[in-house]
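Residue numbers (the working numbering), protein chains in the order written: chain A, 2 to 263; chain B, 70 to 570.
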Amino acid sequence: MAFIAPQTFRAVASVGFLARLGLGRLWRPRGEWWIGAVSLAGWAGLIAAQGDGGVAGLCSGGGWVGRLAGEWRAGLLAPRLIGSAAMTLAMVAAMTPPLAIDSLRVVALRSFPKWRVRTQAAWFAAYAGVWAAATMLAELPLMALPPPLRPHLAAAAFLAAALWQLTPAKRRALNACHKARPLPAGGPRAVAAGAGWGARVGAACLAACGPMMLAAMAASWPAAAMAGVFALALYERYVARPPFAATALALAAAGGLIVAAG
Amino acid sequence: MVIPVKNGVHTREDLWSLDVWDPTLLWYAKAMGAMFARPLQDPSSWRYQAAIHGYIPGEPDLQALLKPGDQIPADSGTYWAQCQHHGWFFLPWHRGYLGYFERIVRKTIVGLGGPADWALPYWNYSDTQHNAAVARLVRPEFVAHALPDGSPNPFSHGVQRSPFNLVHTPKGQAGDFNVGSKDVRLKCLTYPHFYDHASASSFGGGITAFNHGESPNDTSAEGSVEKTPHDNIHGDIGGWMDSFETAGLDPLFWMHHCNIDRLWSVWAAAAGHSNPADAAWLNPAGPHFPYRFRDENGVSQTFTPQSVLNTEASPFAYRFQDLNAPPHVAVLAAKLQIPPAVSPAPPPQAPRLAAASDTDIDLSPEQVSVGLPIDDAAPTINLAAAGGPRQAYLNVENVVGAGKLETRYVYLNLPDATAPDQDPDLYLGSLPMFGVREMSRGGAAGAGNGKSFVLNATDVIAHLQQTGHWDGKEVRVYLIAKNPPAPGSKLTAGRLSLYYR
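Rendered as structure tokens:
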């Protein structure tokens, strides 16, 4: 524990600190209410999906190819894929807008009014699109995993995410999340540049926070894990020099909890 | 002379008002020598104090000063590389940094047999009244090779600075580092708000979280006092002063920042000016707050911006010898026509983008001109008539560079770019390069967004309109290097833009 700076503990103890980071930004009257609305809708979807078995109870018995083939023949696969896609959209809607708000404000500030919304939309669509595509890609093999293996995979994924926190590559990726790009002030070039910028930031953020997000997915999307991962991502996005040792410890503890719960 | 402490309050003196090797300077030099000799691990050592401002593991400049047996202290992660730049914490953080440094120097001086009343002097390079002829020169004591007793002078011995010329003054051979009048112009004192939106000029800087230059906030903006004269002086003196990591090693750094601290007091004392009332500035929360320093006894201390607002109270207890602004400030204020502040918070409406250049502008050549076509939908600005936008700001966004970088002077619509100073009314301001290299670092060091500048263009546009040189369709920006750019240096801007409010 000695390697954790005292300020880390103070930060964790600061009442309302997280609210001052991303969540607080949403409620400021600057015209970004829609970002908060999208995020709230996403969270409502995620919470509503809890209790239907999520994606954990999809599979049973046999090899994954056989299971998917069986589900296909039984007409179950398509609904499950649709369910997964809906879950993915809910997750992206819930988590990405608050993480993108600073960049969206820069886009707004640097655009002519006529092109502002279009450029912001292009930026956000590209950013969220990267997350959505990656989540779906990760979800497919997870769907095929035998349910008894899921907790083991989740625990391993949390431990791997914890180790990722301690690598220089993680810092590089997180720094790249803050990268600003020159933006034409208007016209189709502005929209295209906005999309390119959003995609690059999305890819960087995916590299930075993807491992912890994957761990939460492996744990079958429980709301508590999703909220915890979201809080960590928000914290890292808006605090300079986040205490990676502490966040790694939190992720490792999550992995340990899953193991302990059997 | 060292002014006696009165009612527990020390007096910071005007550097150029001091006699040759005045006790204030002589004891400062002796203390520097003693502090430089202390091991790096000692929080009261000169090098530890410099590393508080900036430190990168393995960074060559500070490493070169390592002595046998030196070790990086275990608490470096908490106390080093903390300087706040490019945002609204610049002034309060440096006030505390300076205050604890002053206490450490004072204790060292007392230990050497010197006066307990000692306080840091300030270098008032903008002085056009009392010491106008010499104000921008570096005092002889800081370029002399020896102390009066013939021993090596810590102020200059081994200190790295830009090349300079020796100039004779009544107080000896001073150093001329080519600090120009543009570099110390105090336009900053005319701005009524301590902070403002990212695209508008303010005195103290835009709203940021903890910001050591890693650009954690995409919309951070430098305050005008941080830009000029602060950054300009760092770049003009050069050498150690030109980098976050080594600036604190130069004894001039502390007298320079003492003056910046004084300018904050000058600004705050002016009618209609007030410091932010926001809790996020007064008592910020988060993992890097409150700020942590070690005092003269090595004891860990903390402070917040609120706790350093009253300079005459604990923990630092000082006043300045002179808090008058030079006359040119009133002249500039009249030209800028800035409405008085109605509250500590800036107007809620952010400035509106009116014109922008292409992206990725190469600023490396000695002279660059960039056209900014004004958006057809932008409101018409007519500063001679009522209504419409009343302020205009030129933004130079995301300036990144490498190598030895030179200050750029910025003009609008020059009729003859080969003689920019023939019409001083077209001069907009400067782009000093201090911090650009640090903020250009990408990868594990930061976002690499570079530095963004905001220049209030209202006075120049008003002049162009009065003289019939404003067509409202395009404005041409000229960026002219103060000195010929160094070979191999590279400088680019993401974009230039014009905002109205």
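No residue lacks a Cβ here, since even glycine has one placed at the ideal position from N, Cα and C. In this text the structure is predicted, and so the values were computed from the model without any measurement.
- Message: Let me make sure I understand the geometry here. Which of B/Asp-540, B/Ala-486 and B/Phe-503 has the alpha-carbon closest to that of B/Ile-549?
- Response: Of B/Asp-540, B/Ala-486 and B/Phe-503, the residue nearest in Cα terms is B/Ala-486.
- Simplified DSSP state of B/Leu-318, which is helix, strand or coil: Of the three classes helix, strand and coil, the one that applies to B/Leu-318 here is helix, per DSSP.
- Query: With a Cβ-Cβ cutoff of 7 Å, do B/Phe-372 and B/Gly-165 count as a contact?
  - Reply: Between B/Phe-372 and B/Gly-165, the gap from beta carbon to beta carbon is short of 7 Å.
- When the distance is taken between beta carbons, is A/Pro-183 closer than 7 Å to B/Thr-428? Taking 7 Å as the Cβ cut-off, B/Thr-428 and A/Pro-183 qualify as a contacting pair.
- Presumed contact (8 Å Cβ cut-off) between B/Ser-566 and B/Ala-290, rounded CB distance: Contact between B/Ser-566 and B/Ala-290 fails: their C-beta atoms lie close to 13 Å from each other, not under 8 Å.
- Query: From A/Ala-200 to A/Val-131, what does the alpha carbon distance come to, in whole angstroms?
  - Reply: So the alpha carbons of these two residues sit roughly 6 Å apart.
- Message: Check this for me: beta carbons of B/Gly-308 and B/Arg-230, under 7 Å apart or not?
- Response: For the pair B/Gly-308 and B/Arg-230, the CB atoms are nearer than the 7 Å cut-off.
- Message: Less than 7 Å between CB atoms is the rule here; does A/Phe-113 satisfy it with respect to chain B?
- Response: Yes - at least one Cβ of chain B is within 7 Å of the one on A/Phe-113.
- Identify, in the order they occur along the chain, each residue of the same chain with its Cβ nearer than 8 Å to the Cβ of A/Ala-253, setting aside the five sequence neighbours on each side. Within the same chain, A/Ala-253 has close Cβ partners Phe-159, Leu-160 and Ala-163.
- Task: Would you please verify whether the beta carbon of B/Gly-515 is less than 7 Å from any beta carbon of chain A?
- Result: Chain A contact via Cβ: present.
- Item | B/Gln-153 burial status per 10 Å Cβ neighbour count (16 or more: buried) | If you draw a 10 Å sphere on the C-beta of B/Gln-153, you find 16 or more other C-beta atoms in it, and that means buried.
- Less than 6 Å between the CB of B/Pro-409 and some heavy atom of the ligand ATP, yes or no? Looking for the ligand ATP in the displayed structure turns up nothing, as the structure carries no ligands at all.
- Task: May I have a chain-ordered list of the alpha helix (DSSP H) segments no shorter than 4 residues that lie completely inside the stretch 523 to 570 of chain B?
- Result: DSSP runs (the alpha helix (DSSP H)) wholly in the stretch 523 to 570 of chain B: 527 to 535.
- Query: If you measure beta-carbon to beta-carbon, which residues of the stretch 228 to 240 of chain A are closer than 8 Å to chain B?
  - Reply: Cβ contacts with chain B: Tyr-239 and Val-240.
- Query: Residues of chain A with CB under 7 Å from B/Thr-197, in chain order?
  - Reply: Going along chain A, no residue has its Cβ under 7 Å from B/Thr-197, so there is no contact; the nearest lies around 37 Å.
- Message: Counting C-beta neighbours from all protein chains within 10 Å, is the total for B/Ser-369 16 or more, i.e. buried, or is it exposed?
- Response: When all chains shown are included, B/Ser-369 counts as exposed.
- Query: Who pairs with B/Leu-181 in a beta bridge, going by DSSP?
  - Reply: As DSSP reads the structure, B/Leu-181 sits in no beta bridge.
- Task: Going by DSSP, name the residue or residues bridged to B/Arg-363.
- Result: Answer is B/Ser-369, bridged to B/Arg-363.
- Message: With a threshold of 7 Å between beta carbons, is A/His-153 in contact with chain B?
- Response: Not one chain B Cβ lies under 7 Å of A/His-153.
- Query: Beta-carbon of B/Leu-401 versus every beta-carbon of chain A: anything under 7 Å?
  - Reply: No, B/Leu-401 lies away from the interface with chain A (no Cβ there is under 7 Å from its Cβ).
- Query: Which whole runs of the alpha helix (DSSP H) in the stretch 235 to 311 of chain B are 4 residues long or more, in chain order?
  - Reply: The qualifying runs are 301 to 306.
- Query: Should the stretch 394 to 410 of chain B be called in touch with the stretch 194 to 202 of chain B, which here means at least 3 C-beta pairs below 8 Å?
  - Reply: Contact holds: three or more Cβ-Cβ distances are below 8 Å.
- Query: Does the beta-carbon of B/Gly-304 have 16 or more other beta-carbons within 10 angstroms, so that it is buried, or is it exposed?
  - Reply: The residue is buried, with at least 16 neighbouring Cβ atoms inside 10 Å.
- Item | Three-state secondary structure assigned by DSSP to A/Ile-259 | Three-state DSSP puts A/Ile-259 in a helix.
- Message: Considering Cα atoms alone, identify which of B/Pro-417, B/Gln-436, B/Val-468 and B/Arg-116 is closest to B/Phe-170.
- Response: That would be B/Arg-116, whose Cα lies nearest to the Cα of B/Phe-170.
- Item | Cross-chain neighbours of B/Asn-301 in chain C, by beta carbon under 8 Å | In the displayed structure, chain C is absent; the protein chains listed are A and B.
- Task: Count the other CB atoms, across all protein chains shown, that sit within 10 Å of the CB of A/Ala-205; report buried if there are 16 or more and exposed otherwise.
- Result: With 16 or more Cβ atoms within 10 Å of its Cβ, A/Ala-205 is classed as buried.
- Which whole-angstrom value is the C-beta distance of B/Pro-458 and B/Gly-341, which I expect to be below 8 Å? Rounded to whole angstroms, the Cβ separation of B/Pro-458 and B/Gly-341 is 21 Å, and the two are not in contact under 8 Å.
- Item | Contact check, B/Val-203 vs B/Thr-238, beta carbons under 7 Å | Taking 7 Å as the Cβ cut-off, B/Val-203 and B/Thr-238 qualify as a contacting pair.
- Task: Answer yes or no: do B/Val-248 and B/Arg-208 have a C-beta to C-beta separation smaller than 7 Å?
- Result: No; because the gap between Cβ atoms is not below 7 Å, this pair is not in contact.
- Message: Is A/Lys-180 close to chain B? Criterion is C-beta to C-beta, closer than 7 Å.
- Response: Yes, A/Lys-180 counts as interfacial toward chain B.
- Under a three-way DSSP split, which group does B/Leu-497 fall into? Correct three-state label for B/Leu-497: strand.
- Message: Am I right that B/Thr-259 and B/Ala-402 are in contact with their C-beta atoms under 8 Å? What's the rounded C-beta distance?
- Response: Indeed, because the Cβ distance is near 4 Å, the residues count as touching under 8 Å.
- Whole-angstrom Cβ separation of B/Ile-443 and B/Ala-414, contact assumed at under 8 Å? Their Cβ separation, rounded to whole angstroms, is 29 Å, which puts B/Ile-443 and B/Ala-414 out of contact at 8 Å.
- Could you name the residues of chain B that A/Pro-185 contacts, counting a contact when the two beta carbons are closer than 9 Å? Under the 9 Å cutoff, chain B gives Ala-425, Asp-427, Thr-428 and Arg-564.
- Task: Kindly list the residues whose CB is nearer than 8 Å to the CB of B/Gln-418, restricted to its own chain and excluding five residues on each side of it in sequence; keep chain order.
- Result: Contacts found: Arg-570.
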